[in-house]
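S.K.:
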Amino acid sequence: MSLEQTQNEEFINRIQVLEQDIINLGLKNEGLNIQLEKAKDDVIILQDEIIALKDDYNSRLIILQDDLDKKIVLFEEKRDESALRSEKIIKLVSEKNQLATLLKIKDLQLKK
């Protein structure tokens, strides 16, 4: 074989290797594009899940806030009832003391 034929064969081999590399890169690119599309779909699914979780969190937060508000109202009602009872007790104790004083006065008057 001549040097020129050997060089031509080497060039042909290099061209074939390059063509195969181009085909392989094209296949790899296709695979990457498929993975990218799947990743985009996964991102959309995750975004939907995040929105659902956020909505659930907000709903639970509203329920907890409502429960807290109800408990505050109940606490305030009980506090007011307790204050009224305390006032009644103070009034009754005062009346008792007045009656006891009147009774002592009557007792002293009767002893005279």
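Here the sequence shown is numbered in my numbering, starting from 10 and rising by one per residue.
By construction, the Cβ of each residue, glycine as well, lies at the ideal position given by its N, Cα and C atoms.
From a predicted model like this one, the values you see are computed outputs, not experimental measurements.
1) For S103, report the span of its alpha helix (DSSP H) as first-last.
2) Measure the alpha-carbon distance for F20 versus L45 and round it to whole angstroms.
3) Alpha carbon to alpha carbon, how far is K63 from G40? Give it in angstroms, no decimals.
4) In whole angstroms, what separates the C-alpha of A61 from that of K49?
5) Whole angstroms is fine: what's the gap from T15's alpha carbon to N38's?
M.R.: According to the structure data:
1) Counting along the chain, the unbroken alpha helix (DSSP H) around S103 starts and ends at 12–120.
2) So the alpha carbons of these two residues sit roughly 36 Å apart.
3) In a straight line, the C-alpha of G40 is about 34 Å away from that of K63.
4) In this structure, the CA atom of A61 is about 18 Å from the CA atom of K49.
5) Each residue's Cα considered, the two are about 34 Å apart.
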